[in-house]
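Residue numbers (UniProt numbering): 1 to 100.
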């Protein structure tokens with residue numbers, strides 16, 4: 001898994017649905033579901049686990065899934081976190097939408 005500078009290469013890696021992790025593990029992209037649901041609210045965590053077998057790609061911010069692709073459908077939960085995670089959510093949203 002490649003370690004990348006967040007400002008330059010991460011959006012392109014998300015768009016291509018490649019695996020990566022940023023320096024400091026603040027944002028990560030993985031194929032398939034994450035092993036943890038981090039700080040996702042309980043109802044969203046249950047949904048995430050229910051669809052785990054169909055999740056093709058996940059973007060995590062500080063080990064919390066913030067965006068994922070299920071059968072080519074993009075899921076970005078409407079959850080507010082820190083300023084940094086909000087930036088990650090915007091980045092993931094733009095990059096995944098571009099992929100469509």
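C-beta: ideal position from N, C-alpha, C; glycine also.
All values reported here derive from a predicted model rather than from experimental measurement.
Assigned exposure category for residue i - 16 Cβ within 10 Å defines buried
i: residue 67; result: buried
i: residue 64; result: buried
i: residue 78; result: exposed
i: residue 83; result: exposed
i: residue 29; result: buried
i: residue 36; result: exposed
i: residue 95; result: buried
Distance cut-off 7 Å: residue i Cβ against heavy atoms of the ligand GTP
i: residue 75; result: With respect to small molecules bound, the structure shown includes none, and the ligand GTP cannot be examined in it.
Proximity of residue i and residue j at Cβ, strictly below 8 Å
i: residue 26; j: residue 57; result: no
i: residue 54; j: residue 71; result: yes
i: residue 97; j: residue 74; result: yes
Contact between the stretch 37 to 50 and the stretch 15 to 23 is defined here as three or more beta-carbon pairs at a separation below 8 Å; is this criterion met? no
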